[in-house]
Every structure is written in structure tokens, then in C-alpha cells.
Amino acid sequence: MSNMFFSYFPGKSLIHELDPRTKLLALFLFSILVFASQTLEQFLFVFICFLFIAFISKTKPRVYWYSLKPLLVFFLLIFIMQLLFTDGNEIISFINTSITYEGLYLGLTVISRFVFLILFATVLTSTTRPSMITNGIERILRPLPLKYLGISSHELATMMSLSIRFIPELFENAKEIKDAQVSRGMDPSRSFLKSISSISIPLVSNSLNYVEELVIAMENRCFQGQERTNLYELKMDKSDWISLLILCSLLISYLYFT
Amino acid sequence: MPIVVRDVTYSYSKGTSLENQVLNNLTFKVDEGKFTAILGDTGAGKSTLLRLVVGLLKPDNGTVLIDGFDAGHRSVKGTIGVLFQNPEKQLFSKTCYEDIAFGPLNLGFEKEDVHQKVLTASAIVGFEQKNLETSPFKLSGGEKKKLALAGVLAMEPKYLILDEPTTGLDYCGKKGLLSNLGLIHSKGTTIIMITHQLTELLSLAQDVLYLKDGTIDFHGSVQEFIEFPSSNKPPITHFMSKLNEHGLQVNQNLYTVNEAFSEIKSYVHKRMKDHV
Ligand SMILES: Nc1ncnc2c1ncn2[C@@H]1O[C@H](COP(=O)(O)OP(=O)(O)O)[C@@H](O)[C@H]1O
Ligand SMILES: [Mg+2]
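If you read the sequences in order, they're chains F and V. So that you can map any letter, position 160 of the first sequence is 161 in the working numbering, and since no number is skipped, the others follow by simple counting. So that you can map any letter, position 166 of the second sequence is 281 in the working numbering, and since no number is skipped, the others follow by simple counting.
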């Protein structure tokens with residue numbers, strides 16, 4: 002289901018209760034962990050960390066699948082690129098390219114990294130309300146001297162969360178267009194590339210309309226991009242500090258010992 | 116064979132904490148040549164039902180048969196024309212002409228025939244010829260709706276299903292659309308129209324299917340439906356029963372302005388005669 006991509010699932014769990022800032026920082030730390038991983042054991046370790054977190058977040062396995070599924074084609078493309086365009090010891094060779102051990106290894110590593118990033122990001126998005134993510138980003142960015150660059154942290158956070166919010170909308174519209182085409186006799190299994198070209202143009206055009214309406218609606222309600230009162234005040238609890246402490250020590254020991 | 120929906124159950128977001136059962140054990144039949152109105156409040160599951168009937172969604176349980184085939188089956192292709200909700204967001208071709216021609220071309224018609232079908236369909240919905248070569252994205256909302264309907268009609272489907280087609284149309288647009296539908300229906304097309312306003316379908320619909328909380332609350336003729344307790348009666352019916360409450364002995368089971376007008380007129384005449 003396209004509109005389940007990175008969406009929020011209400012629930013009751015330790016992870017749901019954490020401050021969004023904690024979860025954002027945790028995502029950042031886990032990204033470092035994922036990018037520092039190279040060997041099978043290291044990825045296994047990352048996987049165990051993920052299983053543990055996924056378990057306490059009580060998010061159903063299908064939710065992760067919903068996030069991964071739309072990206073599978075993309076993963077496959079990256080994998081094939083790595084496989085075909087990396088030099089090294091040959092496994093098999095074709096007419097003018099060859100598959101190498103190095104390519105296979107690199108391909109698998111890159112895919113694993115992407116998959117883990119998506120999985121950890123899904124933990125964040127499935128347990129945190131989008132408005133809370135914005136809120137968290139804004140609070141993290143607030144101390145930065147962004148205003149000298151002509152940007153306010155609030156503006157930046159709103160921009161980010163609107164983009165995140167927009168992704169399911171795009172998928173939804175793409176699906177609507179495809180449904181309309183299929184219901185008018187188009188072969189639903191026709192080539193991926195052909196579908197892309199016939200969907201992308203109306204998609205862009207519809208999105209521009211949508212964005213324009215959104216901007217007008219926001220301005221009509223006096224959104225000006227400056228800092229404003231928050232509906233929810235964020236507060237770091239004991240559990241937040243403990244989680245961060247555990248994560249930091251985990252990361253440091255990991256980087257130190259490997 | 117007509118459209119047969121048997122024991123159909125459907126949930127969104129299956130297997131997550133957001134799992135939401137939208138349709139629960141629906142069973143009904145739409146006979147060929149009938150004009151059926153599907154009514155229900157927003158969120159009742161009307162659009163979901165439509166997606167199941169065209170085969171874009173697969174039921175968790177139960178079957179949907181079109182002419183004896185599963186919905187979405189190859190042999191059903193082209194027999195069902197659907198106008199989805201928000202059709203203005205579902206145009207995709209470079210020109211309006213191409214958009215209308217899309218269906219007939221997919222069905223394998225020759226260029227000449229396609230041309231004829233495009234012209235006929237755009238004439239039926241009143242889409243202006245001079246706009247055929249422009250980009251669909253430059254049209255106004257109402258024109259986009261007309262274009263989308265023309266695209267569906269150009270396939271000359273045996274079954275026509277429309278999801279709230281009158282939303283966002285002005286009075287003339289609505290009237291035009293409804294009289295077109297009446298015309299198409301009289302030529303033998305089976306029509307299912309989803310709406311949340313019964314009044315606009317009073318003179319057209321033969322059958323009413325009322326969805327409530329994912330089940331069929333009512334299925335029967337229009338006349339029966341209006342007497343059905345939980346139906347939203349047309350304003351004129353409310354007016355007549357108000358008159359009745361205040362002591363005017365008029366028939367309250369009237370559903371159109373014209374009927375009410377003649378009823379009141381004859382009532383007034385009768386009273387005047389009594390006085391004389
Ligand atoms: N793609 C979807 N994913 C999840 N829930 C949905 C989706 N589409 C509709 N729903 C839910 O299903 C219910 C019925 O929706 P819908 O069939 O569109 O109702 P109607 O057309 O009668 O207004 C609503 O509660 C809606 O929130
Ligand atoms: Mg609907």
C-alpha cells in the first residue's frame with residue numbers, strides 16, 4: 002500500500018514515548034553505525050540492534066515492508082550498477098563486461114546500508130507523529146546560527162516535514178493516474194520505463210498545482226516562517242537521556258573495537 | 116450476467132496497528148440495464164467498493180463477478196468504464212484529444228473509428244471541439260471533469276461507474292451531466308453512480324444501495340428508500356411534513372419540487388372551493 006510508506010502508526014511503547022529529538026539523534030548515530038559497517042559480523046551486529054529496537058517499538062513487521070517495497074527497484078538498479086562496473090577478480094564475463102567478486106561485495110554492502118537506513122528511519126517515522134518530527138528538527142537546529150544565512154530553523158523544519166509529508170501524496174497520485182490508465186484498457190504489466198514516462202509528467206503538473214494551493218492556504222492562515230508558539234512543548238525525560246547514553250557508548254565501543 | 120458481489124470483506128492496512136475494516140460481508144447484485152445509486156456518508160466505503168468492483172483491489176474474502184468473470188479479468192477489459200473521484204487529477208496525456216483517444220486505442224480500434232469515438236464522446240459531454248488540441252492541464256476544473264468523462268465514454272462501456280461525478284460542478288454542469296447520464300442509460304448502459312445526495316438522482320435511479328459502516332443498510336427501489344427511516348429525505352419532503360404538522364392535510368411522501376407544487380396547488384384549490 003503506497004500511502005503506508007514511512008507513515009506514523011499510533012501505539013504505546015517505550016519508543017513511541019521518547020522525545021523526538023532523542024529519536025532523531027539515535028537515527029543519526031545508527032546511520033554512522035551503518036556506514037561504518039563493512040564485514041558480515043558488523044552487519045549482523047547492526048541487524049541485532051535493529052531487531053532489538055524493532056521489538057521494543059512493537060511495530061508490526063509489515064510496516065517495514067511497506068517502507069522497503071517501493072524502493073526495491075531502486076535497490077536493484079544500484080546493485081546491478083555495482084555488479085557490472087566494478088573492476089577486480091572475475092566470476093563470469095559477458096561480451097564486454099564482467100561480474101567480479103569485488104562488485105558483488107560492494108553491491109551487497111551498498112544495498113545492506115540502504116536497507117538498514119530505511120529500516121531505522123522507519124522506526125523513527127512509524128513511532129513519531131510527523132508534527133513531532135518537525136518539532137524535534139526545529140529544536141535541534143535552533144541553536145545553529147542559521148539566521149545569518151537568511152534561514153530560520155522553523156522554516157527549515159517546516160520545509161523538511163512538508164517534503165516528508167509530500168512523499169505519500171506523490172505515491173497516491175501516481176497510483177490514481179495508473180488506476181485511471183489501467184481502467185481504460187492499458188496493460189497493467191507494461192514496461193516500467195513506459196509507465197514512468199506517462200505518469201511523471203502529469204505527476205509533476207499536479208504537484209505544482211498542489212504546492213501552489215498549499216502555499217496559498219498556509220499564507221492565508223498567516224504562516225510567515227518565523228518562530229511561533231509550539232502546540233506541544235518538548236521535554237527530555239530520564240528515559241531519553243538513558244537511551245542516548247546507551248547509544249553513544251554503544252557507538253563509541255563499536256568504532257573503537259572494530 | 117450482471118455484476119455480482121458476494122460476501123465481500125475488505126480492510127486497509129492489513130497487519131498493522133492501523134488496520135481498518137472498511138467493508139464487511141457485502142452481498143448484492145446489479146442487474147443489466149439498471150441505474151443504481153450507491154449512497155452513504157463520507158467514509159462509508161463507497162469508493163473502496165468501486166475499486167473492488169473494477170478489480171483494482173482484491174477482496175480479503177468473497178468474490179466480485181462481472182458477467183461471470185472475476186473483476187479485473189482480461190475478458191472484462193473494456194466492458195467497465197469508471198470515472199474515479201477527483202478525475203481532474205488523473206489526466207495524463209499531452210492533448211485532450213489523446214486523452215479521450217487513450218481507451219479506444221488500447222482496445223485496438225482503427226484510427227478512423229477512434230477519431231469518430233473521440234468526436235462523439237466529446238459531443239455527448241459538451242466538451243468544446245476547439246479545446247481538443249490543448250493540454251488538459253490548462254483546462255478549468257469543470258472542463259477537466261468533462262474531459263475525463265469523455266475519456267471513459269469513448270470506450271462505450273457496457274457498465275458505467277461514476278464516483279461522485281457532480282461534486283464541484285455548477286448547477287448547469289450538474290443538470291447537463293445528469294441528462295447525459297439519462298441518455299446513456301436509455302441506450303442500454305448499466306450505470307452505477309456513487310453520490311451522497313439522493314435528490315439529484317430521484318428521477319434517474321431505479322435502485323438504491325445505502326452503505327453504512329461498511330454494510331448494506333438498505334437495498335431497494337427509490338420509493339422504498341425515501342420511506343426508509345435513516346435516509347436523508349429531500350428538503351421538499353421535510354417541507355411537506357412540516358406543512359402537515361401544522362394542520363395542512365397534504366401528502367407528505369413527495370420528493371420533487373414539481374410534485375409538491377401540484378399537491379399544494381390542488382390543496383389550495385380545494386380549500387378555496389370549500390370556502391365558496
Ligand atoms: N488508501 C487507503 N488507505 C487506508 N485507508 C483508506 C484508504 N482509502 C480509504 N480509506 C479509509 O476507508 C474508509 C472508506 O473510504 P472510502 O471508500 O473512500 O469512503 P467514501 O468513498 O464512502 O467516502 C475511510 O475511513 C477511509 O479513511
Ligand atoms: Mg469516495
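We put the CB at the ideal spot given by N, CA and C, even for glycine.
Rounded to the nearest angstrom, how far is the Cβ of residue i from that of residue j, given a contact under 8 angstroms?
| i | j | result |
| --- | --- | --- |
| Ile261/F | Leu72/F | Given a span of 2 to 259 for chain F in the structure shown, any question on residue 261/F remains unanswerable. |
| Lys204/V | Asn97/F | Contact doesn't hold; Cβ gap of about 45 angstroms is too wide. |
| Arg185/F | Met270/V | 6 angstroms |
| Leu154/V | Leu313/V | 6 angstroms |
| Glu243/V | Tyr212/V | 12 angstroms between Cβ atoms; not a contact. |
| Thr87/F | Gln39/F | That pair is no contact at about 15 angstroms. |
| Leu198/V | Asp278/V | 6 angstroms |
Apply the 10 Å Cβ neighbour rule to residue i and answer buried if 16 or more other Cβ atoms are within range, or exposed otherwise.
| i | result |
| --- | --- |
| Ala159/V | buried |
| Arg143/F | exposed |
| Lys261/V | buried |
| Thr230/F | exposed |
| Arg22/F | buried |
| Ile54/F | buried |
| Glu258/V | buried |
| Phe10/F | buried |
| Gly151/F | exposed |
| Tyr325/V | buried |
| Thr163/V | buried |
| Pro62/F | exposed |
| Ser407/V | Because residue 407/V is not part of the residues shown, which for chain V are 116 to 391, the question remains open. |
| Leu171/V | buried |
| Ala375/V | buried |
| Ala175/F | buried |
| Ser178/F | Residue 178/F is actually Ile in this sequence, not Ser. Ile178/F comes out buried. |
| Lys357/V | exposed |
| Leu275/V | buried |
| Ser250/F | exposed |
| Leu246/F | exposed |
| Thr429/V | The displayed coordinates of chain V run from 116 to 391. Any statement about residue 429/V would go beyond what the structure contains. |
| Lys95/F | Looking at the sequence itself, residue 95/F is Phe, so the reference to Lys does not match. By the 10 Å Cβ count, Phe95/F comes out exposed. |
| His353/V | exposed |
Short of 6 angstroms in beta carbon distance, which residues of its chain neighbour residue i, apart from the five on each side in sequence? Order them along the chain.
| i | result |
| --- | --- |
| Thr126/F | Phe7 |
| Asp322/V | Lys149, Thr151 |
| Met2/F | The pLDDT assigned to Met2/F is 48, lower than 50, so where the model puts this residue is not dependable, and the model offers no usable value. |
| Lys273/V | Thr194 |
| Lys84/F | The displayed chain sequence assigns Leu, not Lys, to residue 84/F. The answer, listed in chain order, is Ile100, Gly104, Gly108. |
| Asp332/V | Tyr325 |
| Met237/F | Asp20 |
| Leu30/F | Leu248, Leu252 |
Tell me which residues share the same chain as residue i and place their Cβ nearer than 7 angstroms to its Cβ, disregarding the 5 neighbours each side in the sequence.
| i | result |
| --- | --- |
| Tyr127/V | Asn135, Val137 |
| Thr259/F | Gln43 |
| Val191/V | Ile181, Asp182, Phe184 |
Rounding to the nearest angstrom, what Cα-Cα distance links residue i and residue j in this structure?
| i | j | result |
| --- | --- | --- |
| Leu206/V | Glu173/F | 14 angstroms |
| Lys209/V | Leu298/V | 30 angstroms |
| Ser250/V | Ala265/V | 15 angstroms |
| Leu167/V | Thr124/V | 10 angstroms |
| Ile181/V | Val119/V | 6 angstroms |
| Ile379/V | Val365/V | 7 angstroms |
| Ser381/V | Lys290/V | 28 angstroms |
| Ser164/F | Phe75/F | 20 angstroms |
| Pro189/F | Thr123/F | 29 angstroms |
| Val267/V | Thr60/F | 42 angstroms |
| Gly137/F | Leu19/F | 11 angstroms |
| Lys422/V | Phe224/V | As shown, chain V starts at 116 and ends at 391. That puts residue 422/V outside it, with no answer to give. |
| Ser153/F | Thr159/F | 10 angstroms |
| Ile307/V | Phe115/F | 46 angstroms |
| Trp242/F | Pro280/V | 55 angstroms |
| Gly329/V | Phe252/V | 36 angstroms |
| Val212/F | Tyr257/F | 47 angstroms |
| Ala236/V | Leu292/V | 13 angstroms |
| Gly362/V | Lys385/V | 15 angstroms |
List, in chain order, every chain A residue whose beta-carbon is nearer than 7 angstroms to that of residue i.
| i | result |
| --- | --- |
| Thr157/V | Structure shown: chain A not included; protein chains present are F and V. |
Ordered along the chain, which non-local residues of its own chain (more than five positions away) have a Cβ less than 8 angstroms from that of residue i?
| i | result |
| --- | --- |
| Ile239/V | Ala265, Leu268, Asn295, Leu298, Ile299 |
| Thr371/V | Leu317, Ser318, Pro349, Ile351 |
| Asp122/V | Asn140, Leu141, Thr142, Asn176, Gly177, Thr178 |
Give the residues from the region 282-313 of chain V that approach chain F closer than 9 angstroms (Cβ to any Cβ), ordered along the chain. Residues: none.
Closer than 8 angstroms, Cβ to any Cβ of chain V: which residues of the region 153-178 of chain F, in chain order? If the cut-off is 8 angstroms between Cβ atoms, the region 153-178 of chain F has Asn174, Glu177, Ile178 near chain V.
When you check each C-beta in the region 69-94 of chain F against every C-beta of chain V, which residues fall closer than 8 angstroms? So the list is empty, because no residue satisfies the distance condition.
Using a Cβ-Cβ cut-off of less than 7 angstroms, give me the residues of the region 217-241 of chain V that come near chain F, in sequence order. Answer set for the region 217-241 of chain V: Phe217, Gly218, Asn221, Leu222.
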